[in-house]
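Undergrad: In my numbering, the protein residues as written are 131 to 400.
Every residue gets a Cβ at the ideal spot worked out from N, C-alpha and C, and that includes glycine.
Keep in mind that this is a model prediction, so the values were computed, not measured.
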Ligand code: HEC
Ligand code: HEC
Ligand code: HEC
Ligand code: HEC
Ligand code: HEC
């Protein structure tokens, strides 16, 4: 009897220890003091919480303190500059604020016509992506409403055509590679190549340099063209294999029929 209850206590102890170990990663890591306190506030202090929850940042674990700094575990000291709180950035500091994590994008942006016009009517990261409701980026962000607020849409439209064209090329390749993959063909290297090209291509946008984007788009189309050729080759080989397979089956069937006929003839002769 005593042995039994000691065992129960021991098990409870292990469970508790396990819980304590995993507790921070379950709830507390997401429900920081920032979210708890701001979530209970009204108006401009509370709104960021709901907007952020639907964002790509929430999905990937970049919470309030990732951008604003501060101590997410301490109610009293959360917004203390000593704990790294930087508060709300001035407009001109936004590229550096976001660029801590998006270094490549920040560099491309700062060199672009947009970055050069920072503080003088040029857009910052949040003009195009928003601050709390940041979503996965796509060519949908390039549209007449958003891109003709400050200048004509013409040059933006040329960039959009290049981005949409290349995106279509890439998704077509990915679909065909998926099909081959489902047939049991090794496509990992080709898929890796398309993925790398995709990432490099998407880096181009922030330069907003129409000539450069057009020139490089041609280069990407050529590289992706080699993937297309390889896919066609593999499909061709596969189709031929299927054809020979079909011929072999037909031959076997014909042999079978012949054999049965011959047997029948012998049987009749007996
Ligand atoms: C106990 C409640 C509480 C906690 C915890 C808290 N905040 Fe705040 N926060 C406030 C209040 C109230 C204000 C508005 C008054 C002020 O600026 O001090 C504010 C203001 C802010 C602002 C705007 C500052 C400005 O200059 O307008 C930001 C950004 C912010 N908080 C981020 C955070 C982050 C990030 C954390 C966690 C590291 C955090 N807060 C934790 C209550 C809190
Ligand atoms: C991706 C970075 C990022 C994240 C994550 C983020 N913020 Fe912000 N926040 C900003 C920026 C940038 C501003 C400045 C607003 C502007 O200029 O558009 C801002 C402004 C604010 C303000 C001032 C009021 C306002 O809307 O301008 C508060 C309060 C605030 N944030 C709280 C929070 C809280 C609470 C969280 C977590 C739920 C959070 N922020 C997450 C980037 C971020
Ligand atoms: C603490 C690091 C951090 C900061 C600061 C930060 N981000 Fe992010 N951001 C991430 C992570 C992590 C992801 C998700 C992974 C990825 O796509 O790179 C992401 C994703 C994004 C995406 C979607 C990318 C895609 O693949 O479509 C955009 C757009 C973006 N962030 C914009 C911003 C903007 C604008 C700011 C400033 C207001 C900002 N980020 C600040 C870490 C950060
Ligand atoms: C003029 C509007 C605009 C500005 C300013 C801008 N972006 Fe973007 N951003 C876009 C568009 C459009 C895309 C999608 C491009 C594409 O699909 O090729 C994008 C894509 C991204 C991506 C995803 C890149 C990828 O590899 O898929 C990130 C991250 C990002 N932006 C962050 C930022 C940050 C950080 C800043 C500020 C330094 C910024 N953006 C400034 C419009 C903008
Ligand atoms: C907040 C204002 C603002 C917004 C919004 C804006 N731009 Fe711009 N853009 C500028 C300024 C300022 C310049 C530099 C002066 C000029 O060339 O007109 C510029 C220049 C450009 C250029 C010329 C670049 C060069 O090197 O010649 C292109 C292309 C461009 N923007 C595309 C876009 C696209 C695409 C969007 C939407 C995703 C956009 N812009 C949204 C302000 C803006």
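1. With a CB to CB cut of under 8 Å and the five nearest residues on each side skipped, what residues in its chain are close to residue 154?
2. In the structure shown, what three-state DSSP assignment does residue 250 receive?
3. Check residue 193 in the structure and name its three-state DSSP category.
4. Should the region 202-220 be regarded as contacting the region 234-245, the criterion being three or more beta carbon pairs within less than 8 Å?
5. Would the C-beta of residue 259 count as close to ligand 4, meaning under 7 Å from any of its heavy atoms?
6. DSSP three-state label for residue 172, please.
7. Apart from the five residues just before and just after residue 192, which ones in its own chain have a Cβ nearer than 8 Å to its Cβ?
8. Restricting to Cα atoms, I'd like to know which of 324, 319, 290, 291 is closest to residue 301.
9. Considering only heavy atoms of ligand 1, does any lie closer than 7 Å to the CB of residue 109?
10. I think residue 163 touches residue 204, with their Cβ atoms under 8 Å apart; what is that distance to the nearest whole Å?
11. How many whole angstroms separate the CB atoms of residue 251 and residue 280, which I take to be in contact at a CB cut-off of 8 Å?
12. For a test of your reading of the model: does the CB of residue 252 fall under 7 Å from any non-hydrogen atom of ligand 5? Yes or no.
13. Here's the rule I'm using: 16 or more other beta-carbon atoms within 10 Å means buried, otherwise exposed. How should residue 233 be labelled?
14. List in chain order the residues whose CB is within less than 7 Å of at least one heavy atom of ligand 1.
15. Answer with buried or exposed for residue 334, where buried requires no fewer than 16 other C-beta atoms within 10 angstroms of its C-beta.
16. When every heavy atom of ligand 2 is checked, does at least one fall within less than 7 Å of the C-beta of residue 186?
17. Helix or strand or just coil, what does DSSP make of residue 158?
18. Please indicate yes or no: does the CB of residue 211 lie closer than 7 Å to some heavy atom of ligand 2?
19. Would you report the Cα separation of residue 262 and residue 372, rounded to the nearest angstrom?
20. Whose C-beta lies closer than 8 Å to the C-beta of residue 169 among residues of the same chain, with five residues either side of it excluded?
21. Residue ranges of each alpha helix (DSSP H) run of no fewer than 4 residues wholly in the region 201-234, ordered along the chain?
22. Taking residue 323 as part of the alpha helix (DSSP H), name the residues at either end of that continuous run.
23. So residue 198 and residue 229 are supposed to be a Cβ contact under 8 Å. How far apart are they, rounded?
24. Pair every Cβ in the region 349-360 with every Cβ in the region 313-329, then say whether three or more of these pairs are closer than 8 Å.
25. Taking the C-alpha atoms as reference points, what is the distance between residue 297 and residue 385?
TA: Here's the rundown:
1. Caution is warranted here: a pLDDT of 43 is assigned to residue 154, below 50, making its placement in the model unreliable, and the coordinate value is therefore given only provisionally. So the list is empty, once near-sequence residues are dropped.
2. coil
3. coil
4. no
5. yes
6. coil
7. 231
8. 324
9. Lying outside 131 to 400, the shown extent of the chain, residue 109 is not represented and no answer is given.
10. 7 Å
11. 6 Å
12. yes
13. exposed
14. 162, 163, 164, 166, 167, 168, 171, 175, 194, 195, 198, 199, 200, 201, 202, 205, 208, 209, 215, 217, 218
15. buried
16. no
17. For residue 158, the predicted model reports a pLDDT of 40, less than 50, meaning its position is unreliable; a value from the coordinates is still stated below. Three-state result, residue 158: helix.
18. no
19. 53 Å
20. 176, 179
21. 224-229
22. 318-332
23. Their Cβ separation, rounded to whole angstroms, is 15 Å, which puts residue 198 and residue 229 out of contact at 8 Å.
24. yes
25. 51 Å
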